[in-house]
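If you read the sequence shown in the working numbering, its first letter stands for residue 10, the second for the next number, and so on. From the three backbone atoms N, C-alpha and C, an ideal C-beta is built for every residue, glycine too. Predicted model only: the values in this text are computed from it and were never measured.
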Amino acid sequence: MEPNDISKMEPDPRAIHQQLVRYLGESQQALQMIDVEAVERFTASVIRCWQQDRQLLLFGNGGSAATATHLAEDLATYAIPFSEPKRLRVLCLNDSPSILTALGNDLDFDAIFLEQVQQWARPGDLVLTMSGSGNSSNLIAAIQRADQLGCETAAMTGFDGGALKGLVDHPLHVEVHQMQPAQDAHMVMAHMIIHAFRVAVRNVLAQRTTGSSGS
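If you want it as structure tokens, here you go:
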């Protein structure tokens, strides 16, 4: 075997196992940092968006973009029965590579979400961003524009919350100082929101049905 031929080298299985167990513990600790009341308040705002036909805009960078896409997809499909014509108007702003690269190339990376918020957001809409550090300048710029437009704002953050934590109406913050466990907590919060919203929608629809049959 050549001295630098890594294809023949064996990784240490004990080190792998130890890292897996260690990471699982770090992720579990991150989940303990979730502020359930803050998530509940934000979920109530999502419910009002649906009831009042307002719009929810979501966006993030990197792994947070994937979380934003996942949350938007579940809110648009899983959360409301397909037989129900009244849907939640939800739009994920990081889902079009063409728009993102056009804005980044023609203007600046800091404009990729700001300009979309300017285009789509209306007063009373709900705007949610996600960031591990809370300090991404393109996210801050977009949230500031949303606030100027009269939107309700929210941010999922980790570490110390960064600038975003103090800028939004709904800080969904987990005090976790590692990126991946913080993102794990953000995804769990997303699933909490989805399931609570789904239950709330079915309760409202059941009340509507009961009211109609009793009239």
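Buried versus exposed call for residue i [16 or more other C-beta atoms within 10 Å across all chains shown]
i: R63; result: buried
i: H179; result: buried
i: N212; result: exposed
i: H26; result: exposed
i: G159; result: exposed
i: S92; result: exposed
i: S107; result: exposed
i: H121; result: For the sequence presented, residue 121 should be read as Ile rather than His. By the 10 Å Cβ count, I121 comes out buried.
i: R226; result: A question about residue 226 goes unanswered here, because the residues of the chain that appear run from 10 up to 224.
i: A24; result: exposed
i: L116; result: exposed
i: A215; result: exposed
CB of residue i within 8 angstroms of CB of residue j, strictly
i: V48; j: M196; result: no
i: A205; j: T76; result: no
i: S36; j: D193; result: yes
i: L100; j: W59; result: no
i: D44; j: H182; result: yes
i: L173; j: T138; result: yes
i: G133; j: A164; result: no
i: N114; j: F68; result: no
i: A74; j: I203; result: no
i: G167; j: M201; result: no
i: L65; j: V55; result: yes
i: E184; j: M18; result: no
Proximity to residue i [Cα-Cα], best of the options
i: L112; options: D104, E124 and C101; result: E124
i: P94; options: A150, S140 and T86; result: T86
i: I152; options: G141, F206, G167 and L135; result: L135
i: G141; options: G171, V210 and C58; result: G171
i: R31; options: T78, I43, M42 and P190; result: P190
i: V126; options: I149, S107 and N13; result: I149
i: L97; options: D83, Q38 and N114; result: D83
i: V177; options: T162, G71 and R217; result: T162
i: G71; options: N147, M201 and V210; result: N147
i: A155; options: T78, R131 and R50; result: R131
i: P90; options: R217, D21 and V210; result: V210
Span of the alpha helix (DSSP H), counted from its first residue to its last, around residue i
i: S73; result: G72 to A85
i: N36; result: According to the sequence provided, residue 36 is Ser. The question's Asn does not apply to it. Start and end: P22 to Q41.
i: R50; result: V45 to Q60
i: L100; result: Segment R98 to C101 is the beta strand (DSSP E) holding L100; no alpha helix (DSSP H) there.
i: I108; result: P106 to D115
Enclosing beta strand (DSSP E) for residue i [first to last residue]
i: E161; result: E161 to T166
i: L65; result: Q64 to G69
*asked:* List, from N- to C-terminal side, the beta strand (DSSP E) runs of 3 residues or more that fit wholly inside the stretch 126-208.
replied: Fully enclosed beta strand (DSSP E) runs of 3 or longer: 135-140, 161-166 and 179-182.
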